[in-house]
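The structure appears below as structure tokens.
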Amino acid sequence: MNSTRFNINGSKVVADIPDHNISLLDFLRDTLNFKGTKQGCGSGDCGACTVIVEDAHGKTLAVNACITPAAAMQGKNIITIEGIANQKTLHPVQQALIDFHGSQCGFCTPGFVMALTAHSLLPDAPKKNKREDIIAAISGNLCRCTGYWPIIKAGMASCGVGEAAQLRHVRMWEPQGALKKPHIPENCSGSSDESYQIAQNETMVAQRLEQRSPSDCSRSTIIAGATDEWVAVNQQLEQHETILDISRIPSLREITARDGTIEIGACVTHSELFAYFTEAPYQSSAIRELLTRFGSPQIRNRGTIGGNICGGSPIADWSPLLLALDASVVLKSAGSSRLVHLSNFFLGYRQTSLRPDEYLASVQFNVPQDWSQLSFEKISKRYEDDISSVCAAIFLAHDGDVVQEARIAYGGIAPIPMRISALEAILKGQPLSGIDHGKIKVELDSIINPISDVRASANYRLQMAETMLIDRLALEQKTA
Ligand SMILES: Cc1cc2nc3c(=O)[nH]c(=O)nc-3n(C[C@H](O)[C@H](O)[C@H](O)COP(=O)(O)OP(=O)(O)OC[C@H]3O[C@@H](n4cnc5c(N)ncnc54)[C@H](O)[C@@H]3O)c2cc1C
Ligand code: FES
Ligand code: FES
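With the first letter of the sequence shown counted as 1, position 415 gets the number 428 in my numbering; the numbers rise by one all the way through.
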């Protein structure tokens with residue numbers, strides 16, 4: 014049994030987690046009796062379970078408690094719906110939801126309140142209360158009865174009142190002064206129990222994996238953000254004998270840019286990547302597009318780039334983009350490290366070339382001469398918080414009219430994320446104005462053979478893959 018110490022709504026809590034496979038949501042509701050946080054889907058899709066977690070840098074982030082392991086909260090500050098109204102007044106977001114009639118049955122309301130409160134605590138929050146900002150902030154939350162307009166209006170009214178006011182309100186909550194830093198070091202493992210270990214460094218990971226055989230992998234697993242892994246725990250009732258949490262290892266959380274190469278540590282989250290690639294000098298509209306459409310704020314705040322790649326999903330969004338950037342991954346084990354080209358990393362449906370004793374340490378690629386050479390497009394049933402039916406990442410460099418280099422990668426058209434090298438070879442050296450789009454379609458048809466499933470039919474996927482490529486070629490031709 015893991016004894017976990019954290020701050021919840023300002024009070025220090027030391028509690029035994031009955032089972033290391035238990036989610037933060039179950040722990041809050043069943044062990045600590047905080048019933049305000051709701052369970053809807055149990056898979057990160059509805060936002061009813063949203064709570065706020067303060068990270069090591071004091072940033073307050075919305076997360077889905079249903080797919081966050083309770084044991085991962087060791088040493089963290091957590092704010093739940095019970096912790097944001099002080100004893101006299103409601104939090105401004107709560108009051109606005111009442112004023113604008115943003116709640117009917119009320120089941121989803123705690124989740125919306127927490128998502129909007131997290132949004133209102135952003136450093137630039139007062140500037141972020143336009144309609145589109147609020148829609149983005151609640152893109153991970155579903156309401157089945159109110160209709161979204163009253164909720165959006167409440168968000169626009171309450172998220173504009175200023176960070177200081179919002180934070181003060183949260184801090185005012187309890188008699189002792191909530192959100193005090195816990196007197197618990199970030200790296201506290203808190204327990205000698207090995208069933209859930211928070212790794213402090215890469216040496217610890219390598220040592221733990223050294224003895225792992227292929228049959229041990231699901232019993233003894235690595236997790237980073239757990240946004241993939243905990244859906245399986247909840248929905249397929251997967252139980253892990255031991256879990257190694259690598260999300261706090263400083264060397265896996267760095268992004269470095271050196272000599273024209275960017276190296277991203279495996280445990281950098283999507284929210285951190287959004288901040289990095291939407292500001293100079295590495296501003297990329299393709300990466301912005303990918304991350305704006307990636308899950309929800311709750312998912313981006315915990316999900317990592319390493320988890321996205323290692324899950325080996327054919328519809329993971331980062332994989333095609335990284336293939337189009339000609340990226341490689343650094344795989345490490347005790348005493349060894351190897352660089353693997355990403356196109357050799359994916360072996361089959363959710364199968365990768367990671368050995369049982371290896372972990373992914375980082376991904377690296379050369380900075381493109383011009384970020385506009387890279388594009389990313391995602392087609393999904395729902396604009397927000399949905400996995401791709403098909404997506405395309407295309408790198409196209411041309412000198413005037415002549416294609417110098419093309420790298421074309423897709424997700425959702427094969428059991429693995431796939432680069433279409435044969436087509437790239439056809440395009441290289443061709444004048445953009447002379448490319449026969451009909452021939453490109455025929456070639457693509459002969460190379461890819463997508464499947465039909467609940468997300469899209471094979472024919473739809475094929476047509477979308479063609480359209481995304483032809484559109485990009487046509488666009489480049491106009492600007493050549
Ligand atoms: C509601 C919802 C929406 C989502 N939306 C999207 C989306 O729009 N696009 C998309 O691509 N994905 C999406 N996902 C999937 C998921 O969030 C991402 O793939 C995320 O990046 C996974 O990262 P993680 O750190 O949470 O992985 P985890 O769940 O921690 O791990 C995933 C797998 O990778 C392994 N692993 C993790 N890190 C390492 C490492 N460094 N070395 C070796 N193995 C490792 C784990 O053992 C596990 O098997 C969504 C998921 C949910 C629940
Ligand atoms: S219960 Fe639906 S996102 Fe957690
Ligand atoms: S108010 Fe009923 S689900 Fe939102």
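Here a beta-carbon is modelled for each residue, glycine too, at the ideal position from N, C-alpha and C.
Note on the region 133-177: whole alpha helix (DSSP H) runs with a minimum of 4 residues are 144-150, 161-171, in chain order. Restricting attention to LEU367, ARG306, ARG468, ARG368, the CA atom closest to the CA of GLU397 is found in ARG306. Counted as a single uninterrupted DSSP element, the beta strand (DSSP E) harbouring ASN379 occupies residues 372-379. With fewer than 16 other Cβ atoms inside 10 Å of its own Cβ, HIS450 counts as exposed. If only complete runs of 4 or more residues are kept, the region 330-392 shows the alpha helix (DSSP H) at 331-337, 355-358, in order along the chain.
For THR159, the distance from the CB to the nearest heavy atom of ligand 3 is below 7 Å. Membership of SER24 in the beta strand (DSSP E) is indicated by the continuous run 24-30. In the displayed model, GLU479 falls within a helix according to three-state DSSP. SER228 has its CB no nearer than 7 Å to any heavy atom of ligand 1. Our two residues, LEU373 and PRO463, have alpha carbons roughly 28 Å apart in a direct line.
Distance between TYR295 and LEU134, taken at the CA atoms: about 26 Å. Exclusion of SER152 from the 7 Å shell around ligand 3 follows from its C-beta lying no nearer than that to any non-hydrogen atom of the ligand. Unbroken alpha helix (DSSP H) runs of no fewer than 4 residues, entirely contained in the region 409-488, are found at 434-440, 450-460, following chain order. A contact is defined here as three or more CB-CB pairs under 8 Å, and the region 99-115 fails this definition with respect to the region 74-91.
In this structure, DSSP gives ARG271 an extended state, which the three-state scheme calls strand.
Within the region 256-305, the runs of alpha helix (DSSP H) at least 4 residues long that lie entirely inside it are, in chain order, 283-290, 298-305. Proximity to CYS172 across ARG157, GLU145, PRO263, GLU242 peaks at GLU145, based on C-alpha coordinates. ILE392 and ILE400 have their alpha carbons spaced roughly 9 Å apart.
In this structure, ILE236 is the residue among CYS230, ILE236, ASP229 with its C-alpha nearest to the C-alpha of GLN210. Shown here for LEU367: same chain residues with a beta carbon closer than 7 Å to its own, the five before and five after excluded, namely CYS323, LEU344, LEU373 in chain order.
Only buried fits ASP241, as 16 or more other CB atoms lie within 10 angstroms of its CB.
GLN417 and THR480 have their alpha carbons spaced roughly 22 Å apart.
For PHE47, the CB contacts under 6 Å within the same chain, skipping 5 residues up- and downstream, are LEU41, THR93, GLU95 in chain order. The count of Cβ pairs closer than 8 Å, one atom from the region 222-231 and one from the region 15-22, stays below three, leaving the stretches out of contact. Closer than 7 Å to some heavy atom of ligand 2: that does not describe the Cβ of ALA239. Annotation for ALA245: GLU251 place their beta carbon closer than 6 Å to its own, counting only its chain and skipping 5 residues before and after. When the beta-carbon positions are compared, ALA337 and LEU304 stay at least 8 Å from each other. Nearest neighbour of GLU456 by Cα position, chosen from LEU475, HIS253, THR291, ILE275, turns out to be LEU475. In this structure THR63 is buried. Its beta-carbon is surrounded by 16 or more other beta-carbon atoms within 10 angstroms.
Sorted by chain position, residues whose beta-carbon lies closer than 6 Å to a non-hydrogen atom of ligand 2 are GLN52, GLY53, CYS54, GLY55, GLY57, ASP58, CYS59, GLY60, ALA61, CYS62, ASN77, CYS79. Fewer than three beta-carbon pairs drawn from the region 408-424 and the region 311-323 are found closer than 8 Å, and the two stretches are therefore not classed as touching. Residues VAL403, ALA405, TYR423, ILE426, LEU457, ILE461 of the same chain have their beta carbon placed closer than 7 Å to that of ALA478, with the five preceding and five following residues left out of the count.
By the 16-neighbour rule on beta-carbons within 10 angstroms, THR365 is buried. Judged by the Cβ position, PHE287 fails to qualify as a neighbour of ligand 1 at the 7 Å threshold, every heavy atom of the ligand being at least this far. DSSP places PHE307 outside both helix and strand once states are collapsed to three, so it counts as coil. The region 28-44 and the region 115-125 do not touch, with fewer than 3 CB-CB distances between them shorter than 8 Å.
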